[in-house]
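Peer 1: Numbering (full-length UniProt numbering), first residue to last: 1 to 153.
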């Protein structure tokens, strides 16, 4: 997994409308990038709603929030519309960004091993270097913790 001081990789993602972009479009300002396993599942929905609830606070700090999963853009659009999500949701369907950040990992459930996205969040500085990493995120209270870190910039 990427760590503090590492540069954010330049991988092309698709937003919920299917438009290509890279995280470089945010260069010059801090950024929150969070990875979540699957749209419209309980934990991922709670996390997205929590970041959305604090979106105005993040915006006041000039810190955009981008959530990344391997879901297709169309699913992300439905997810955002269903819950009124205002954070940017990005599709990394090929998994290149997940691989680059180190969030595509082997997981285990009831003894069965499989590959999946580890829930993780990265606070990125205006220079494109990682300032803080939250690996293996527990959703409750997490968005507020990230906001607090953003206020310290």
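Built from N, CA and C at the ideal position, the CB exists for glycine as well.
So, helix, strand or coil for residue 150, using DSSP?
Peer 2: Position 150 of the chain shown, counted from the start, is the residue given in the question as residue 150. If DSSP states are grouped into helix, strand and coil, residue 150 belongs with the helices.
Peer 1: Quick one: grab the DSSP three-state call for residue 15.
Peer 2: In the chain shown, the residue the question calls residue 15 occupies position 15. Strand at residue 15.
Peer 1: So the beta strand (DSSP E) residue 121 belongs to, where does it begin and stop?
Peer 2: Translated into the one-based positions of the chain shown, residue 121 becomes position 121. Segment 120-124, the beta strand (DSSP E) holding residue 121.
Peer 1: With distance defined between alpha-carbon atoms, name the residue in 28, 10, 142, 115 nearest to residue 20.
Peer 2: Residue 20 sits at position 20 when you count from the first residue of the chain shown. Nearest option by C-alpha distance: 10.
Peer 1: In terms of alpha-carbon separation, which member of 132, 110, 139 lies closest to residue 153?
Peer 2: The sequence position of residue 153 within the chain shown is 153, counting from 1. Answer by Cα proximity: 132.
Peer 1: Tell me, to the nearest whole angstrom, how far the beta carbon of residue 89 is from that of residue 16; I am working on the premise that it is less than 8 Å.
Peer 2: On the chain shown, position 89 is the one that residue 89 refers to. On the chain shown, position 16 is the one that residue 16 refers to. With a Cβ gap of about 5 Å, residue 89 and residue 16 count as contacting.
Peer 1: Since residue 156 sits in a beta bridge, which residues does DSSP pair it with?
Peer 2: No answer is possible for residue 156: the residues shown for the chain start at 1 and end at 153.
Peer 1: Taking just the CA atoms, how far does residue 143 sit from residue 50?
Peer 2: Along the chain shown, read from residue 1 onward, the residue named residue 50 stands at position 50. Along the chain shown, read from residue 1 onward, the residue named residue 143 stands at position 143. When rounded, the distance between both Cα atoms is 6 Å.
Peer 1: Give the list of continuous beta strand (DSSP E) stretches no shorter than 3 residues that lie fully inside the stretch 16-42.
Peer 2: For the stretch 16-42, whole beta strand (DSSP E) runs of length 3 or above, ordered along the chain, are 31-35.
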